[in-house]
């Protein structure tokens with residue numbers, strides 16, 4: 442008879458973990474024929490391959506990982522250079538704030554790239570839960586997973602389009618403001634004017650060399666690389682995170698439906714008109730509990746891999762949102778038009794940051810809602826008509842789910858959910874109001 446080990450703590454639960462790579466079957470099928478079974482997984486494999494995520498996470502993607510490592514080293518060197526140059530902008534508050542904003546954003550992208558490289562094997566294994574056949578209940582009833590795939594694919598494509606669309610705006614904006622210059626106050630209080638670029642990062646060039654056609658072209662190419670790296674890493678990490686969260690949600694909902702159907706319909710192994718036995722239903726319950734353990738194990742692995750990034754990303758979005766609004770208001774008060782390319786760039790940055798904040802809060806709230814409904818599915822089964830052994834096993838399964846309290850929190854008391862978005866936006870506007878009042882008072886004096 443099938444048995445399963447229950448423990449008080451979820452971390453002690455023994456789980457049978459599939460030993461095969463999550464995409465072994467998918468990749469082999471795709472290579473052998475064009476009739477690739479697209480309904481076998483929630484993952485949008487075509488999109489993952491198009492953006493390079495499939496190759497980076499897979500064991501055979503050595504060249505893609507090497508390219509990402511080289512890009513990360515170059516990118517990190519740029520961050521260090523601009524951090525060291527914050528001192529040179531100490532007499533220019535706007536320049537100092539602007540560089541700080543860029544450094545904060547860049548550090549977040551560097552961390553995401555680092556996590557993708559270091560935890561590639563673990564992240565790859567977590568995606569095993571996206572397969573319909575990962576659990577017995579998902580294999581029998583893949584309807585929820587199928588609907589999840591459709592919605593997820595649409596969302597990911599929209600996310601990538603918005604990402605690279607915003608990048609195009611930043612990329613072409615310098616060509617629409619060629620007649621304008623950026624005034625920078627140096628450490629010796631000498632004011633210099635520079636031609637506006639993509640980011641206007643600090644580079645070791647004189648004013649004349651920077652403004653020359655050749656010098657500006659080199660700086661433009663350097664900043665275009667920074668922009669491309671940002672877009673690539675954002676697409677890679679956020680597409681992965683959304684896929685994992687949507688897969689967890691779908692698997693938990695499928696599990697809940699399987700629990701709720703226990704005792705109300707024929708046992709899963711009963712394909713004839715023979716009398717139904719309680720042992721068959723008990724075996725079905727054990728099978729679902731094993732599915733439950735596998736899903737919880739993948740949930741914990743995913744949580745350990747991305748927890749730090751998620752917490753820092755939300756903090757990063759909060760700070761970036763405040764600084765972006767502050768810059769928009771400051772430029773408007775200085776006489777800039779809201780339709781000017783530079784203001785539109787910062788507005789676009791604010792929109793992208795808020796989208797990221799919404800994605801992270803929604804995704805983790807989406808998982809928690811589904812996970813909290815599992816015990817309701819157990820209670821909805823026809824347990825009252827079952828024997829004592831079945832009832833005790835139901836209670837044990839409930840206790841196992843209650844003990845699993847893995848929730849991503851921003852602080853010990855702040856859970857990452859949709860409510861957090863409103864709190865962050867409200868706090869941001871209060872801080873912006875304070876910054877603007879302080880700036881106006883200094884200007885008047």
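In this note's numbering, the protein residues as written are 442 to 886. For every residue, glycine included, the Cβ atom is placed at its ideal position computed from N, Cα and C. Keep in mind that this is a model prediction, so the values were computed, not measured.
According to DSSP, residues forming a beta bridge with residue i
| i | result |
| --- | --- |
| residue 673 | For residue 673, which the question treats as bridged, DSSP gives no partner whatsoever. |
| residue 624 | 634 |
| residue 572 | 482 |
Residue i burial status per 10 Å Cβ neighbour count (16 or more: buried)
| i | result |
| --- | --- |
| residue 845 | buried |
| residue 694 | buried |
| residue 491 | exposed |
| residue 489 | buried |
| residue 826 | exposed |
| residue 710 | With a pLDDT of 49 at residue 710, under the threshold of 50, the modelled position of this residue cannot be trusted, and the question is left open. |
| residue 504 | exposed |
| residue 622 | exposed |
| residue 675 | buried |
| residue 654 | exposed |
| residue 588 | exposed |
| residue 567 | buried |
| residue 817 | exposed |
| residue 864 | exposed |
| residue 519 | buried |
| residue 597 | buried |
| residue 778 | exposed |
For residue j and residue i, believed in contact at Cβ under 8 Å, the rounded distance
| i | j | result |
| --- | --- | --- |
| residue 637 | residue 664 | Not a contact, Cβ separation roughly 11 Å. |
| residue 736 | residue 696 | 6 Å |
| residue 626 | residue 632 | 5 Å |
| residue 630 | residue 532 | 6 Å |
| residue 835 | residue 819 | 6 Å |
| residue 608 | residue 672 | 5 Å |
| residue 741 | residue 847 | 6 Å |
| residue 483 | residue 747 | Not really, about 17 Å apart at Cβ, beyond 8 Å. |
| residue 564 | residue 498 | 6 Å |
Own chain partners of residue i with C-beta closer than 8 Å, once the 5 adjacent residues on each side are dropped
| i | result |
| --- | --- |
| residue 867 | none |
| residue 832 | 824 |
| residue 873 | 763, 766, 767, 770 |
| residue 591 | none |
| residue 529 | 627, 628, 643 |
| residue 805 | 686, 751, 849, 857, 858 |
| residue 601 | 488, 492, 676, 680 |
For residue j and residue i, the rounded distance between their alpha carbons
| i | j | result |
| --- | --- | --- |
| residue 545 | residue 759 | 11 Å |
| residue 775 | residue 535 | 12 Å |
| residue 793 | residue 571 | 27 Å |
| residue 511 | residue 739 | 30 Å |
| residue 513 | residue 485 | 26 Å |
| residue 502 | residue 798 | 30 Å |
| residue 527 | residue 516 | 17 Å |
| residue 800 | residue 660 | 33 Å |
| residue 859 | residue 802 | 5 Å |
| residue 773 | residue 781 | 10 Å |
| residue 871 | residue 549 | 24 Å |
| residue 810 | residue 624 | 51 Å |
| residue 554 | residue 829 | 52 Å |
| residue 593 | residue 743 | 18 Å |
| residue 652 | residue 523 | 19 Å |
| residue 605 | residue 559 | 25 Å |
| residue 678 | residue 658 | 30 Å |
| residue 869 | residue 861 | 12 Å |
| residue 683 | residue 561 | 16 Å |
| residue 495 | residue 506 | 11 Å |
| residue 815 | residue 749 | 27 Å |
| residue 582 | residue 576 | 10 Å |
| residue 670 | residue 542 | 17 Å |
| residue 789 | residue 603 | 10 Å |
| residue 783 | residue 540 | 15 Å |
| residue 666 | residue 551 | 14 Å |
| residue 734 | residue 725 | 14 Å |
| residue 599 | residue 547 | 23 Å |
| residue 569 | residue 616 | 46 Å |
| residue 841 | residue 731 | 12 Å |
Same chain, Cβ closer than 6 Å to residue i, neighbours up to 5 away in sequence not counted
| i | result |
| --- | --- |
| residue 786 | 611, 614 |
| residue 574 | 580 |
| residue 585 | 691, 694, 695 |
Own chain partners of residue i with C-beta closer than 7 Å, once the 5 adjacent residues on each side are dropped
| i | result |
| --- | --- |
| residue 521 | none |
| residue 795 | 762 |
| residue 729 | 578, 696, 699, 700 |
| residue 641 | 623, 635 |
| residue 812 | 693 |
| residue 656 | 646, 650 |
Residue i Cβ short of 7 Å to the ligand NAD heavy atom set
| i | result |
| --- | --- |
| residue 521 | Judged by which ligands are present, the structure shown has none, so any question about the ligand NAD falls away. |
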